Structures are given as structure tokens and as C-alpha cells.
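Be aware that the sequence shown starts at 16, since it is given in the numbering used here, and climbs by one per residue. We put the beta carbon where it would ideally sit given N, CA and C, even for glycine. Predicted model only: the values in this text are computed from it and were never measured. For reference, the structure is listed below as C-alpha cells.
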Amino acid sequence: MMSMLAGLHGHTLRRARRLWLQYGILWLGAVLVGLVAVMYAWLIDFGFEMFSAMQRDHVWLPLILTPAMSALCVWLTRRFFPGAEGSGIPQVIASLAEENDRGTPRPSRAPALLTLKILGGKIGISFLGILGGFTIGREGPTVHVGAALMYNMRRFYPRPSAILERRLILAGAAAGLSAAFNTPLAGIVFAIEELSRSFEQRASGIVITTIIFAGIVALGLNGNYTYFGTINAGNDSARELIVAVVVSGILMGVAGGIFCWLLLNTHKWIPAPLRTLRAERPVVFGALCGLVVAIVGVCAGGVTFGSGYAEAKGLLSGQTQLSAWYPVAKMASMVGSYLPGIPGGIFAPSLSIGAGFGNLLHMVFEHTSLSMLIALAMVGYLAAVTQSPITAFVIVMEMINGHALVISLMATALLASRVSRFFAPPLYEALSERYAPAPQHH
16 MMSMLAGLHG HTLRRARRLW LQYGILWLGA VLVGLVAVMY AWLIDFGFEM FSAMQRDHVW
76 LPLILTPAMS ALCVWLTRRF FPGAEGSGIP QVIASLAEEN DRGTPRPSRA PALLTLKILG
136 GKIGISFLGI LGGFTIGREG PTVHVGAALM YNMRRFYPRP SAILERRLIL AGAAAGLSAA
196 FNTPLAGIVF AIEELSRSFE QRASGIVITT IIFAGIVALG LNGNYTYFGT INAGNDSARE
256 LIVAVVVSGI LMGVAGGIFC WLLLNTHKWI PAPLRTLRAE RPVVFGALCG LVVAIVGVCA
316 GGVTFGSGYA EAKGLLSGQT QLSAWYPVAK MASMVGSYLP GIPGGIFAPS LSIGAGFGNL
376 LHMVFEHTSL SMLIALAMVG YLAAVTQSPI TAFVIVMEMI NGHALVISLM ATALLASRVS
436 RFFAPPLYEA LSERYAPAPQ HH
């Protein structure tokens, strides 16, 4: 009897261990990603509320605060958290890359780019950045954080393989994006289109499971919401719709393409003395960028500070009036926020720049519905910047509950990303090359 019980006990333990390895670790990781994504969102919102309160009371304060915060962020990033800079999506792409352009395998960058230390730095320094009023979003960093969290779950497996590690990174990144925007479908599409140019069958179940669990946590803590609320598509004629799609697709493709070109070709447009300053004294260069962001913000009446979420939402609901210069000023602020190399994403600011351009288009096409033009311009600008048209279209469609505009959003995203390609290669992939290991000389 005792031996039978012992055997049964052993069998139960083995079964429990198998279930833990098969599902438990993954589910635990997914729940963690959801929790961290929500906490991070709260932290960034809190930081920006603090900045806004200070800026309302002391209009000129950003001229001192923003450069000081920028210098601090650059110093911290360079000194303690190299690899935490930027949106984080290029780091995830570099971690997933198995081979270089010549098709030879390259060593994994994940151990260097997906550490828990970088994860902490990413969250902490982007909080300081938003506290300084920088034009940065939390969505890209949430992708990096999700990938790093899931990658570190590999420690619970007895023999983690390279394939398992890739799947964990992919699942964490996708879950991070879906929890950040509350767009589960976009998380899946993003994993397929942006992160893994080759998407294997086995990985899809892992990605979807992780997104579901992270999404449940985010929903439980935030409630069910659409990121920008629901828009009402106007009763525009087919002709008006076609004109709007073509115009916004081309215009946003050009605007987003120029933005990518500016970020990828700094050596061509930044004056030589500033380039030297950036290379030799990055903290001083960071302070200078902070001053530019502050000047733009103060001149624009404060609307260019932060991710731009409130402005985009206000334009969509018709409660906010912004000047025709808003998208251009926001773009300048975004470039100034990105150049010093501090942690911060470009998703949310891109959406708000797109919304500003949509508002601008409405000044020309007065008879076309404003919310539709804004939705089209948002999807166009995001698609132009990321050159991932399907991800951009799914994100915007889920964020505005815009199922009535599906075909128009798709067409605009595709057109804008094609136009953008004339100016620059896909931004995240081009940036990910900077994290590639140095070639080995034998």
C-alpha cells in the first residue's frame, strides 16, 4: 500500500512538474508582463501629471527642468544602463536576429540587451524623462520590458534551448505591446510583421497564450477600454473617402519618411560642432536637446510636452482645438527627445503627430468628417514611421474601435509605408543593426 502511495505521489509530482514546465512558467511570465505593463503605465501617467502641474503653475520652469532632466537621463543611461536607450524595439529585433546579412549565424544579443538591470533602467529613466516633459511614449519600452521579463523566465527551464528563448522573447514583446495599448490583435500582428520575419507554427500558440494572460491582467486592473475611445465615422461619400485616403496616405508617408530620415541620418543634417559635442560630451548635448524641447514646448503653450495622448484623444473627440503648427512642433520635439539617446518610445507621439496632421487636413477638406481624417492620418503616420502597415492599421483600428473604416485604414497604412520607403529604410530594423555584434576577424 505504502509503495503504491509513494508511486502515486511520484507520478503526481512528475505530472505537476511537467505541467509547470509546459504551461506554468509561461503563464506566470505572462501575468508578470501584464502587471508590469499596467504599473509602468500608471507610473508614466503620474510622472506626466506632476510635470503638467508644475508647468501650469510656472510656465518658464521647463526651460530649466527639461535640460537638467535630459542631462541626468543621458548620464544615467550611458553610465549604468547602456542598451536601455530609445524605444527598445530595435534591441528586441537585434535579440531575435539569428544571422547577419550574409546569412552566417551570429551570437545572440539577448544576454546583453534583455537583462533585468536594463529593464529597471528603462522604466526608471523613462519616468525621469516624462517628468522632464520629454516627447516620449511608454509603448515601445513596454515591448522591451515584456521581452526582457519573458526572456528571464528561461531560468526556470532545466535546459533552455535557443528556440525556446526566441519564442519567449517574441511572446513577451507581443504581450508588452498588447497590454500597453489594450490591443491584443495588434500584439499578434506585431510579433509576426515587425519582430519575426519568419513566424514558426509552434511560436504562435505561445505568443497568443502570453497575450491572453497579460491582457487579462491589464483588463482586470484598468477595466475594458479602447485606448482612444470609440469614434463615429461620418457619412462621407465614397469620393470624399478615396480623396482622403490618397491625400493622407501620401502626405503622412512623406512626413513619416522625413522623420525616419532625420533619425537615421544625423550625420547629414546636424552641424559638425554639434556632432562632435554629441560624441565627446553626450551629457552636454543631451542638455542642449532638452533646451530645444523646452523652447518648443513653451512657445507652443505646453501642448508638445509628453506623449501627446491627451491631445490626440481630444482632437478625436472634438474637444480640443490645436493650431495648424501643432504636428510640426510635435515632430521637432520628438526628434529633440530621441537624439540624446534616453529611453522612450515613438508610438504614442507618432499617433499624436498623425492626429495633428489630420486636424490640419480638415482645415483644407472642411466637408469631410474630422474624426475620419484624424484616424486616417494617425494610421498613415504610424505606418510611415514603423513601415509595418498591418501593425499600424490593427493598432489604430483597435484603439478607436474603427471597424467601419477598416478598408480605408488599410489602404492609407499601405500607401504611407510605401511612400516612406523612398526616404528611409524601416526605422526599427535600421536601428537594430547598431546592436549587432562586431564582426569577428580571424
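- If you draw a straight line from the Cα of alanine 407 to the Cα of tyrosine 38, it comes to about 31 Å.
- Between alanine 86 and glycine 305, the alpha-carbon positions lie close to 8 Å from each other.
- DSSP lists Pro358 as the bridge partner or partners of glycine 101.
- For proline 156, the uninterrupted alpha helix (DSSP H) segment begins and ends at 154-167.
- Isoleucine 151 sits in coil when the DSSP states are folded into three classes, being neither helix nor strand.
- Per the coordinates, the alpha-carbon of glycine 202 lies some 8 Å from the alpha-carbon of alanine 188.
- With a beta-carbon spacing of about 5 Å, arginine 124 and alanine 109 fall inside the 8 Å limit used to define contacts.
- Residues of the same chain with a CB within less than 6 Å of the CB of glycine 268, apart from the 5 flanking positions on each side, are Ala399, Ala431, Val434, Ser435 in chain order.
- The beta carbon of isoleucine 140 sits closer than 7 Å to the beta carbons of Cys88, Leu91, Thr92, Phe96, Ala99, Ile357, Pro358 from its chain, once the five residues preceding and following it are set aside; these are given in chain order.
- Note that the C-beta distance between glycine 62 and isoleucine 145 is below 7 Å.
- If you keep only unbroken alpha helix (DSSP H) runs of at least 4 residues inside the segment 181-255, you get 199-205, 216-237.
- Taking a cut-off of 8 Å on C-beta distances, the segment 365-377 does not touch the segment 226-241, as fewer than three cross pairs fall below it.
- Within its own chain, the residues whose Cβ lies closer than 6 Å to the Cβ of threonine 225, once the five positions on either side in sequence are excluded, are Ala45, Ala186, Ala190, listed in chain order.
- Our two residues, glutamate 326 and threonine 335, have alpha carbons roughly 7 Å apart in a direct line.
- For tyrosine 450, no alpha helix (DSSP H) run applies, since DSSP gives it neither H nor E.
- Distance from the CA atom of histidine 73 to the CA atom of tyrosine 324, rounded to whole angstroms, is 22 Å.
- Using a C-beta cut-off of 8 Å, the segment 258-268 makes contact with the segment 386-401, since at least three inter-stretch Cβ pairs fall below that distance.
- Counting along the chain, glutamine 70 sits inside the alpha helix (DSSP H) bounded by residues 40-72.
- At the C-beta level, glycine 351 and valine 411 stay beyond 7 Å of one another.
- In the structure shown, histidine 282 adopts helical secondary structure according to DSSP, grouped into three states.
- Ranked by Cα distance from glutamate 255, the options Tyr240, Val204, Ile285, His382 are led by His382.
- Here proline 441 is near glutamine 402, since their CB atoms are less than 7 Å apart.
- A Cβ-Cβ distance of about 4 Å is found for the pair glutamine 106 and leucine 128, placing them in contact under the 8 Å criterion.
- Tryptophan 90: member of the alpha helix (DSSP H) spanning 77-95, first to last residue.
- Cα atoms of alanine 315 and proline 452: separation of roughly 42 Å, rounded to the nearest angstrom.
- In the DSSP annotation of this structure, the continuous segment of the alpha helix (DSSP H) that includes alanine 327 starts and ends at 324-332.
- For methionine 387 and leucine 331, the gap between their C-alpha atoms comes out near 9 Å.
- In this structure, the alpha-carbon of phenylalanine 171 lies about 16 Å from that of arginine 30.
- In this structure, tyrosine 166 lies away from asparagine 197, with their beta-carbon atoms at least 7 Å apart.
- Non-local beta-carbon contacts of phenylalanine 300 in its own chain, meaning distances under 6 Å to residues more than five positions away in sequence, involve Leu292, Arg293 in chain order.
- One alpha carbon belongs to glycine 101, the other to lysine 345, and they sit about 17 Å apart.
- The C-beta separation of proline 77 from glycine 371 comes to about 20 Å, leaving the pair out of contact by the 8 Å criterion.
- Straight across, the Cα-Cα distance linking histidine 282 with alanine 339 is about 30 Å.
- Here DSSP, grouped into helix, strand and coil, assigns glutamine 402 to coil.
- Of Phe149, Trp276, Ala83, Leu47, the smallest CA-CA separation from leucine 446 is found for Trp276.
- Around the beta carbon of threonine 245, fewer than 16 other beta carbons sit within 10 angstroms, so the residue counts as exposed.
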